[in-house]
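Take a look at the structure set out below.
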Amino acid sequence: MEVPRLRVKLELLLLAYTTANSNRGSRLHLRPTPRQRRILNSLSEARDRTRVLMDPSQICFCCTTTGTLVLVFDIGYLSVTPPLFQSLEPLPASGPDFGGLGEEAEFVEVEPEAKQEILENKDVVVQHVHFDGLGRTKDDIIMCEIGDVFKAKNLIEVMRKSHEAREKLLRLGIFRQVDVLIDTCQGDDALPNGLDVTFEVMELRRLTGSYNTMVGNNEGSMVLGLKLPNLLGRAEKVTFQFSYGTKETSYGLSFFKPQPGNFERNFSVNLYKVTGQFPWSSLRETDRGVSAEYCFPVWRSSHTVKWEGVWRELGCLSRTASFAVRKESGHSLKSSLSHAMVLDSRNSSILPRRGALLKVNQELAGYTGGDVSFIKEDFELQLNKQLIFDSVFSASLWGGMLVPIGDKPSSIADRFYLGGPTSVRGFSMHSVGPQSEGDYLGGEAYWAGGLHLYTPLPFRPGQGGFGELFRTHFFLNAGNLCNLNYGEGPKAHIRKLAECIRWSYGAGIVLRLGNIARLELNYCIPMGVQGGDR
């Protein structure tokens, strides 16, 4: 009996089990491993408990995977190319180990120039999508995420769209695990080219907790959290979080609700209390507030519209606080509307090699009430370009302006601050600009920029391993911070911002800690230091 040649090429992250039927009635089975057999048997036993979400209307193929699969039929002998990433025992390539194919398979050698038939070009129809393991999750939120699976026209599209649906399901934050199984359609209504797609899911518990530490902006903190995921069955989330840090302590309660079918569009409400210490200003601030925000995408950018009402209490951090800080002490009520836009094409947020970042923030306070009134706008721009010898050049620019509304001056809690490793290196944290008796008061306008060159370590020790986490860093930073007289006009403002520029240069070593944070050890030479700067 002449048997079609089956060549299976798998690029999988999980296990796979494949069976093929030829049009000539011959049947070939690739022998599953014991682990594969358990997975398939458990699915067969659970079919009566699965939930069929949609029914819009024999290659025989079963696969549990999150990767890409290509099947090629060719006349000749049987050969198997093992998966690129394999989490199970590899199938043997030749010899008597293929005895599991049974006696009905005969191998006939034919001419190597035989005609190939590419299965990925064959039309298929996804007849059913099953979900196994759903509990409190509603059907409508699931249908919005997996609807594209039914639009697949061939096997490759089914694999790709199933993988995309799996990623969307995990992004909802309501499942601990999602596995995908693609099988031939069974039953009286089964089409010859019909497929069933089954998602095996494991929902998160009704109450989860977390404990972690956070490091950033020259501050470390311990964070404890409690979460109620999928509260109402449509990916809603209630979170309580307590954070204790070296400079800030906070706790808050938040409710998060995404739009079904579009996770980027979401609404959240937050209640919080934050107590922070600002030693550069001898200031302590306690905020008690509520906020509501709506996030949505536009083209490649993400936008956030937010309303915030906060009761602020300012006090002195020490008895030696200056009179200017003491004068700012007391209570105030701020009600503000704000908008933030982020356009990010970088390949990484820690040490990007290419891409750009643009952030723009606007805030209007006083229009919806409160005793604080101002208009505030700031931006951040970053460009990254990969050069020769695995080097990366990066350029950054920040700027902002605050304009008080009415006769009341701006508050020390709303102004900009400059200095430190996140802006102008070589200067102490937020210790540039207007000050009184050693306490820094911030400014109503600022700009800062930086040029950076990241290169591999000299002679590249540990190349291809631990040494790749380190980069040599050369930098040049500059910036200025001041208060403006808004009756003088734009030219006077630019002239004032260009006076007394602080700048610094130096070199150092950067250690990348995954996609979480980075550590810098730099030697800085500050220049343009003015009286009172640190």
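Numbered per the UniProt record's numbering, the sequence shown spans residues 1 to 534. Virtual Cβ for every residue (Gly too), placed ideally from N, Cα, C. All values derive from a computational prediction rather than experimental measurement.
On the three-pair Cβ rule with 8 Å, is the segment 363-382 touching the segment 393-407? yes
N- and C-terminal bounds of the beta strand (DSSP E) containing residue 535: The requested residue 535 is not part of the displayed model; the chain covers only 1 to 534.
Candidates G173, G135, D188, V158, of which the one nearest V180 by Cα: On the sequence shown, residue 180 is found 180 positions in, with the first residue counted as 1. That would be V158, whose Cα lies nearest to the Cα of V180.
Rounded to whole angstroms, what's the CA-CA distance from P279 to P404? Just pull it up for me. For the purposes of this step, residue 279 is taken as the residue at position 279 of the sequence shown. For the purposes of this step, residue 404 is taken as the residue at position 404 of the sequence shown. The straight-line gap from Cα to Cα measures roughly 25 Å.
Environment of A517 [buried if 16+ CB atoms lie within 10 Å]: Locating residue 517 in the sequence shown gives position 517, where the first residue counts as 1. Label assigned to A517: exposed.
I need the straight-line Cα distance from N270 to S254, nearest angstrom please. Numbered from 1 along the sequence shown, position 270 holds the residue referred to as residue 270. Numbered from 1 along the sequence shown, position 254 holds the residue referred to as residue 254. One C-alpha to the other measures close to 4 Å.
Does the Cβ of D211 have 16 or more other Cβ atoms within 10 Å, making it buried, or fewer, making it exposed? Within the sequence shown, residue 211 is the residue found at index 211, counting from 1. Strictly speaking, residue 211 in this sequence is Tyr, with Asp absent from that position. By the neighbour-count rule (16 or more Cβ atoms within 10 Å), Y211 is not buried but exposed.
L91, DSSP secondary structure in three states: To locate residue 91, count along the sequence shown from 1; it is residue 91. Unreliable positioning characterises L91 in this predicted model, as indicated by a pLDDT of 41, which lies under 50. A coordinate reading is not provided.
Integer Cβ distance of R471 from V510, believed to fall under 8 Å: Within the sequence shown, the letter at position 471 stands for residue 471. Within the sequence shown, the letter at position 510 stands for residue 510. Confirmed, Cβ separation roughly 5 Å.
Who pairs with D439 in a beta bridge, going by DSSP? For the purposes of this step, residue 439 is identified with residue 439 of the sequence shown, where counting begins at 1. S436, per the DSSP bridge assignment.
V325 - containing beta strand (DSSP E), residue span: Taking the first residue of the sequence shown as position 1, residue 325 is located at position 325. From DSSP, V325 is part of no beta strand (DSSP E) but of the alpha helix (DSSP H) over 323-328.
Which whole-angstrom value is the C-beta distance of N230 and R136, which I expect to be below 8 Å? In the sequence shown, counting from the first residue as 1, residue 230 sits at position 230. In the sequence shown, counting from the first residue as 1, residue 136 sits at position 136. Rounded, the Cβ-Cβ distance is 6 Å, consistent with contact.
Own chain residues within Cβ distance below 7 Å of D371, not counting five before or after: Locating residue 371 in the sequence shown gives position 371, where the first residue counts as 1. These residues qualify, in order along the chain: S332, L333.
Which of the three DSSP states is assigned to L169 in this structure? As a working mapping, residue 169 is identified with position 169 in the sequence shown. Note: L169 maps to helix in three-state DSSP.
By the 10 Å Cβ neighbour count, where 16 or more other Cβ atoms means buried, how is S336 classified, buried or exposed? On the sequence shown, residue 336 is found 336 positions in, with the first residue counted as 1. So S336 ends up on the buried side.
Would you decide whether E437 is buried or exposed? Buried here means 16 or more other CB atoms lie within 10 Å of its CB. What you label residue 437 is simply residue 437 of the sequence shown in a count that begins at 1. Looking at its Cβ environment, which holds fewer than 16 other Cβ atoms inside 10 Å, E437 is exposed.
Taking only the alpha-carbon atoms, compute the straight-line gap between G443 and F374 and give it to the nearest angstrom. As a working note, residue 443 is residue 443 in the sequence shown. As a working note, residue 374 is residue 374 in the sequence shown. Using only the alpha carbons, I get a separation of about 14 Å.
Local conformation of residue 600 per DSSP, three classes: Given a span of 1 to 534 for the chain in the structure shown, any question on residue 600 remains unanswerable.
Determine the DSSP secondary structure at F459, reduced to helix, strand or coil. The residue given as residue 459 occupies position 459 in the sequence shown. Reduced to three states, the DSSP call for F459 is coil.
Leaving aside the five residues before and after S291 along the sequence, list all residues of the same chain whose C-beta is less than 7 Å from its C-beta, in chain order. Indexing the sequence shown from 1 puts residue 291 at position 291. Taken in chain order, the residues that qualify are N270, K306, W307, E308.
Quick check: what's the CA-CA separation for I59 versus G147? The sequence position of residue 59 within the sequence shown is 59, counting from 1. The sequence position of residue 147 within the sequence shown is 147, counting from 1. Model confidence at I59 stands at a pLDDT of 33, short of 50, so the residue's coordinates are unreliable; what they give is reported in the following sentence. Roughly 23 Å between the two C-alpha positions.
Is it buried or exposed for G487, if we count other Cβ within 10 angstroms and need 16 for buried? By 1-based counting over the sequence shown, the position of residue 487 is 487. G487 is exposed by the Cβ-count criterion.
Identify whether S338 lies in helix, strand or coil by the three-state DSSP scheme. Stepping through the sequence shown from its first residue, residue 338 is reached at position 338. Strand.
Cα separation between I501 and R353? As a working note, residue 501 is residue 501 in the sequence shown. As a working note, residue 353 is residue 353 in the sequence shown. Approximately 29 Å between the Cα atoms of the pair.
Considering just the uninterrupted stretch of the alpha helix (DSSP H) at M143, what are its terminal residues? For this step, residue 143 is matched to residue 143 along the sequence shown. 139-146 is the span of the alpha helix (DSSP H), which, as asked, contains M143.
How would you call W299, buried or exposed, if buried means at least 16 neighbouring beta carbons within 10 angstroms? If you number the sequence shown from 1, residue 299 lands on position 299. The residue is exposed, with fewer than 16 neighbouring Cβ atoms inside 10 Å.
Answer with buried or exposed for L10, where buried requires no fewer than 16 other C-beta atoms within 10 angstroms of its C-beta. Along the sequence shown, one-based indexing puts residue 10 at 10. With a pLDDT of 31 at L10, under the threshold of 50, the modelled position of this residue cannot be trusted; read the value that follows with caution. The residue is buried, with at least 16 neighbouring Cβ atoms inside 10 Å.
According to DSSP, residues forming a beta bridge with C482: Stepping through the sequence shown from its first residue, residue 482 is reached at position 482. Bridge partners of C482: A445.
Do G400 and A445 count as a contact pair if the criterion is CB distance below 8 Å? Working through the sequence shown from its first residue, we reach residue 445 at position 445. Working through the sequence shown from its first residue, we reach residue 400 at position 400. Yes.
Excluding five sequence neighbours on each side, which residues of the same chain lie with their C-beta closer than 6 Å to the C-beta of H493? In the sequence shown, residue 493 corresponds to position 493, counting from 1. The residues are L484.
With C-beta atoms as the reference, is V325 less than 8 Å away from M341? For the purposes of this step, residue 325 is taken as the residue at position 325 of the sequence shown. For the purposes of this step, residue 341 is taken as the residue at position 341 of the sequence shown. Against a cut-off of 8 Å, the Cβ pair of M341 and V325 comes out as no contact.
Count the other C-beta atoms from every protein chain shown that fall within 10 angstroms of the C-beta of R176, then say buried if there are 16 or more, exposed otherwise. Translated into positions along the sequence shown, residue 176 becomes position 176. Burial call: exposed.
Whole angstroms are fine: how far does the CA of L224 sit from the CA of R166? Position 166 of the sequence shown holds residue 166. Position 224 of the sequence shown holds residue 224. Cα-Cα distance, rounded: 29 Å.
Could you tell me the alpha carbon to alpha carbon distance between R512 and N522, rounded to whole angstroms? Numbered from 1 along the sequence shown, position 512 holds the residue referred to as residue 512. Numbered from 1 along the sequence shown, position 522 holds the residue referred to as residue 522. Going by the C-alpha atoms only, they are around 14 Å apart.
Rounded to whole angstroms, what is the Cα-Cα separation between I142 and Y294? Translated into positions along the sequence shown, residue 142 becomes position 142. Translated into positions along the sequence shown, residue 294 becomes position 294. Between I142 and Y294, the C-alpha separation is close to 22 Å.
Could you spell out where the beta strand (DSSP E) holding I182 opens and where it closes? Start at 1 with the first residue of the sequence shown, and residue 182 comes out as number 182. 175-184 is the span of the beta strand (DSSP E), which, as asked, contains I182.
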